[in-house]
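> My questions all concern the structure below.
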Amino acid sequence: MNLIQEAKEQLASLVHAAYQACVSAGTLADAAPYPVVEIPKDRSFGDFSTTFAMQAARALKLSPKAIADAVVTHLQLDNSFFTNASVVGAGFINVRLADVWYDRVLAAVMALNTNYGRINVGNGQKVMVEFVSANPTGPMTIGNARGGVLGDTLAAVLDMAGYTVSREFYLNDAGNQVEVFGQSLEARYMQHLQGEEAVIFPEDGYHGEYMKTLAADFAAQEGDKFLSVPSEQRREALIAFGLPRNIAQMKTDLSRYAITFDTWFAESTLHQSGYVQETIDLLTERGHTYELDGALWFKASAFGCEKDDVLRKSNGFYTYYAVDIAYHRNKFFTRGFDTCIDILGADHHGHTLRFKAGMAALGLAPDKLRFVLMQLVRLLRDGDVVKMSKRTGKSITLSDLLDEIPCDAARFFFNMRQPDSHLDFDMGLALREDSENPVYYIQYAHARITTMLTLLAGENASATGDAQRPAALLTHELERALLRQLALLPEEIRLAARDYEPSRINAYLLELANAFHRFYNAVRLKGAEPDVLRARMDLCAAVKTVLKNGLTVLGITAPDAM
RNA sequence: GCGUUCGUAGCUCAAAGGAUAGAGCGUUUGCCUCCGACGCAAAAGGCUGUGGGUUCGAGUCCCACCGAGCGUACCA
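Right, here's the structure in full:
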């Protein structure tokens, strides 16, 4: 159910038919393309518009105006969604929506209720969204916070659009950074028991305070018994202690953030099962690798990359790149996803071509693997840049942020912009409880409707009008605007899913809330004629439903009172 | 250098290749004896970084330049 698309298709088909009539009548030549229909930016022109006359001008060797005039005389709008066709400006053919269409909108929202907005462009195709995938070597960052909301809401949007969606967290629990984690933790453990000077902290180690806490907790549990064992054994024990702790913390933080993953995929399993080895062997069998200086190289340059890359280092270990090729091979070829989307920070954009090259070498169509790159976040407090947490003196983590900002506000703010644009997150604004805070503004509209409907519940008992034809009673321009806005949700879902831009839903809800508040101030329900009252109450109930459905996609609550 | 993302109102950002480039903030001024003022209404602000090109039509597509971020490891 997408009444915007239905209307566009109907108008295109009606204009096409009118054009065919002109061809039959001999007034126009038979050479024009199929009409393109759009919604004018400036609503005063009309509700829908077609640029058919301009599109056809060259082929028909006539002025757009002449073509439009000819087509309009044959345009048959009876029993359609439209009325009032007119030719304006250079040759735009504009129409207004008729009551039938408005009736259908309200009926659709009321009938579909919580399913209103759901469409089926996905046809159940399996899509994976992989996001956050933070290293389990430390706390999650503000960047993870943005990536988390982006991935989670994109997944929700795709679900609404009819895809079968899976959310995955890729756990980097193997490889070099885990080694460094072990070395760092080992140094902190020994320093904890023997003093700062006992060992030198590794140059490129993890310097965060949390490493000291982790080491102290380990010492509290195990005492000094790991001082006397070989270093390798000590590190192993520390990693076995530290990683699960960090992972548990990440899960806690994410659940505070209302994010749940379907799968946590551990990198280590790819090593243990020999899948990495098998994948690299496969690339070699296909002739995409060569040996040089003791390392195994992938011919990435044969797949559009600038240069080749190392898969297996001369020390025998695989690079992250090799593991990632194996991981993505697993997503597509072992688990059978049709499309895989990776949410990445913009600082990783250099990887996208390489990843695609790896998949191409395995025989996968390049557009199956998609990347959403997000720019970094700048934290502000009432306009000033915030670098460090006041409490800890260190950089602000996701957990710090959630101590201060409610989940609803954080989720909304991190998804307010397109992924590609730099994001300013103003913590002062996120806490405000007025119309300047967009979350409040939207939630307030929902709460306002709830109280109002409760208050008016007893007043429409004597309504006698035709409930199937409410548009005849909802004639105010602000009521019409509200109905058009309601009709837009399925279309917004379609576009957000098509372009991987879930922030469209935030913008959409702001506009819907705005349309409602304007209506509320200009049109009163209380005291209206019973039939009108009932129609307006239905309209308000529909707005409430759509607000709630939209907020649900964003993972934000729709409170009945605030 | 090469690659990549991005330059739109004072600020933060919108604009399926369409008509007079729109919102919010900030500034100024109004609206509650009335369903929630956590709200609404009105005013002001622009050579869309620069120069070409494609098109009936370009903020949008192509090319060059200027400026910013990021990448360009046998790190992940």
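The numbering of the first sequence is the numbering used here, which starts it at 108 and goes up by one. From the three backbone atoms N, C-alpha and C, an ideal C-beta is built for every residue, glycine too.
Write down every uninterrupted run of the alpha helix (DSSP H) in the region 186–244 whose length is 4 residues or greater and which is fully enclosed by it, in chain order.
206–219, all fully within the region 186–244.
> Would you report the Cα separation of residue 514 and residue 503, rounded to the nearest angstrom?
Counting from one through the first sequence, the residue named residue 514 turns up at place 407. Counting from one through the first sequence, the residue named residue 503 turns up at place 396. Between residue 514 and residue 503, the C-alpha separation is close to 16 angstroms.
> Closest to residue 477 by C-alpha separation, out of 448, 461 and 219, would be which residue?
The count along the first sequence starts at 1 and reaches residue 477 at position 370. Checked all of 448, 461 and 219; the closest Cα to residue 477 is 448.
> May I ask you to report which of helix, strand or coil DSSP gives residue 535?
Within the first sequence, numbered from 1, the residue matching residue 535 stands at position 428. Residue 535 falls in the helix class under three-state DSSP.
> Within the region 559–625, note down every full alpha helix (DSSP H) run reaching 4 residues or more, in order along the chain.
Listed in chain order, the complete alpha helix (DSSP H) runs (minimum 4 residues) inside the region 559–625 are 584–594 and 596–606.
> What separation, rounded to the nearest whole angstrom, lies between the Cα atoms of residue 406 and residue 412?
As a working mapping, residue 406 is identified with position 299 in the first sequence. As a working mapping, residue 412 is identified with position 305 in the first sequence. For residue 406 and residue 412, the distance between alpha carbons rounds to 9 angstroms.
> DSSP three-state call for residue 333: helix, strand or coil?
Counted from its first residue, the first sequence places residue 333 at position 226. Residue 333 falls in the coil class under three-state DSSP.
> With burial defined as no fewer than 16 other Cβ atoms inside 10 Å of the residue's Cβ, what is the status of residue 551: buried or exposed?
Against the first sequence, residue 551 aligns to sequence position 444. With 16 or more Cβ atoms within 10 Å of its Cβ, residue 551 is classed as buried.
> Look at the alpha carbon of residue 143 and the alpha carbon of residue 656, and state the distance between them as a whole number of angstroms.
Here residue 143 refers to the residue found at position 36 when the first sequence is read from its first residue. Here residue 656 refers to the residue found at position 549 when the first sequence is read from its first residue. Spanning the two alpha carbons is a distance of roughly 30 angstroms.
> Is the beta carbon of residue 652 closer than 9 angstroms to that of residue 216?
On the first sequence, position 109 is the one that residue 216 refers to. On the first sequence, position 545 is the one that residue 652 refers to. It is a contact, given that the beta carbons lie within the stated cut-off.
> In whole angstroms, give me the CA-to-CA distance for residue 231 and residue 598.
If you number the first sequence from 1, residue 231 lands on position 124. If you number the first sequence from 1, residue 598 lands on position 491. Computed Cα separation, rounded: 18 angstroms.
> Given a threshold of 16 other Cβ atoms within 10 Å of its Cβ, counted over all protein chains shown, does residue 297 qualify as buried or as exposed?
Against the first sequence, residue 297 aligns to sequence position 190. Per the 10 Å Cβ criterion, buried.
> Grouping DSSP H, G and I as helix and E and B as strand, with all else coil, what is residue 447?
Locating residue 447 in the first sequence gives position 340, counting from the first residue. Residue 447: strand per DSSP, three-state reduction.
> Under 8 angstroms: do the region 199–219 and the region 412–430 share three or more Cβ pairs, one atom per stretch?
The region 199–219 vs the region 412–430: no contact.
> So within the region 266–352, which uninterrupted beta strand (DSSP E) runs reach at least 3 residues, ignoring any that extend past its ends?
Those beta strand (DSSP E) runs which fall completely within the region 266–352 and span 3+ residues are 271–278.
> Distance, Cα to Cα, residue 170 vs residue 611?
For the purposes of this step, residue 170 is taken as residue 63 along the first sequence, with counting starting at 1. For the purposes of this step, residue 611 is taken as residue 504 along the first sequence, with counting starting at 1. Roughly 37 angstroms separates the two Cα atoms.
> Give the straight-line distance between the Cα atoms of residue 458 and residue 467, rounded to the nearest whole angstrom.
For the purposes of this step, residue 458 is taken as residue 351 along the first sequence, with counting starting at 1. For the purposes of this step, residue 467 is taken as residue 360 along the first sequence, with counting starting at 1. Going by the C-alpha atoms only, they are around 14 angstroms apart.
> Using the three-state DSSP reduction, which class does residue 416 fall into: helix, strand or coil?
Numbered from 1 along the first sequence, position 309 holds the residue referred to as residue 416. Three-state DSSP puts residue 416 in a strand.
> Pairs of beta-carbons, one from the region 271–283 and one from the region 539–546, closer than 8 angstroms: are there three or more?
No, the region 271–283 does not touch the region 539–546.
> At which residues does the beta strand (DSSP E) containing residue 156 begin and terminate?
Here residue 156 corresponds to residue number 49 of the first sequence, with the count starting at 1. Counting along the chain, the beta strand (DSSP E) containing residue 156 begins and ends at 155–157.
> Cα separation between residue 565 and residue 529?
As a first step, residue 565 is located in the first sequence; it is residue number 458 there, counting from the start. As a first step, residue 529 is located in the first sequence; it is residue number 422 there, counting from the start. Each residue's alpha carbon lies about 50 angstroms from the other.
> Assuming residue 516 contacts residue 482 under a Cβ cut-off of 8 angstroms, what Cβ separation, rounded to an integer in Å, is found between them?
The residue given as residue 516 occupies position 409 in the first sequence. The residue given as residue 482 occupies position 375 in the first sequence. No, residue 516 and residue 482 are not in contact; Cβ-Cβ is about 20 angstroms, not under 8 angstroms.
> Taking the continuous beta strand (DSSP E) assigned at residue 478, which residues delimit it?
As a position in the first sequence, residue 478 is number 371, starting the count at 1. Unbroken beta strand (DSSP E) run through residue 478: 476–481.
> Is it buried or exposed, residue 301, if we count other Cβ atoms within 10 angstroms and call 16 or more buried?
As a first step, residue 301 must be located in the first sequence, where it is residue number 194. Flag for residue 301 reads exposed.
> Cβ atoms of residue 135 and residue 164: under 9 angstroms apart, would you say?
Position 57 of the first sequence, counted from the first residue, corresponds to residue 164. Position 28 of the first sequence, counted from the first residue, corresponds to residue 135. For residue 164 and residue 135, no; Cβs fall outside 9 angstroms.
> Does the beta-carbon of residue 435 have 16 or more other beta-carbons within 10 angstroms, so that it is buried, or is it exposed?
Your numbering for residue 435 matches position 328 in the first sequence. By the neighbour-count rule (16 or more Cβ atoms within 10 Å), residue 435 is buried.
> Measuring straight from C-alpha to C-alpha, what distance separates residue 273 and residue 335?
Position 166 of the first sequence holds residue 273. Position 228 of the first sequence holds residue 335. Spanning the two alpha carbons is a distance of roughly 46 angstroms.
> For residue 197, which of 209, 174 and 183 has the nearest alpha-carbon?
Looking up residue 197 in the first sequence gives position 90. Among 209, 174 and 183, the Cα nearest to that of residue 197 is on 174.
> For residue 562, does the count of other Cβ atoms within 10 angstroms reach 16, so buried, or fall short, so exposed?
As a working mapping, residue 562 is identified with position 455 in the first sequence. So residue 562 ends up on the exposed side.
> So residue 520 is in the alpha helix (DSSP H); what residue range does that whole segment cover?
Mapped onto the first sequence, residue 520 falls at position 413. Here the alpha helix (DSSP H) through residue 520 covers 514–521.
> Return yes when the Cβ of residue 285 is within less than 9 angstroms of the Cβ of residue 293, no when it is not.
For this step, residue 293 is matched to residue 186 along the first sequence. For this step, residue 285 is matched to residue 178 along the first sequence. The answer is no: Cβ separation not under 9 angstroms.
> Between 166, 253, 118 and 120, which has its C-alpha nearest residue 138's C-alpha?
In the first sequence, residue 138 corresponds to position 31, counting from 1. Among 166, 253, 118 and 120, the Cα nearest to that of residue 138 belongs to 166.
> Can you tell me whether residue 504 is helix, strand or coil according to DSSP?
Taking the first residue of the first sequence as position 1, residue 504 is located at position 397. Reduced to three states, the DSSP call for residue 504 is strand.
> Spatial neighbours of residue 340 within its chain, please: CB distance less than 8 angstroms, with the 5 preceding and 5 following residues excluded, ordered by chain position.
Within the first sequence, residue 340 is the residue found at index 233, counting from 1. The answer, listed in chain order, is 333.
> Looking at the structure shown, is residue 400 part of a helix, part of a strand, or coil, going by DSSP?
Within the first sequence, residue 400 is the residue found at index 293, counting from 1. It is coil, neither helix nor strand.
> So the candidates are 364, 322, 359 and 369; which of them puts its Cα closest to the Cα of residue 347?
Position 240 of the first sequence, counted from the first residue, corresponds to residue 347. Ranking 364, 322, 359 and 369 by Cα distance to residue 347 puts 322 first.
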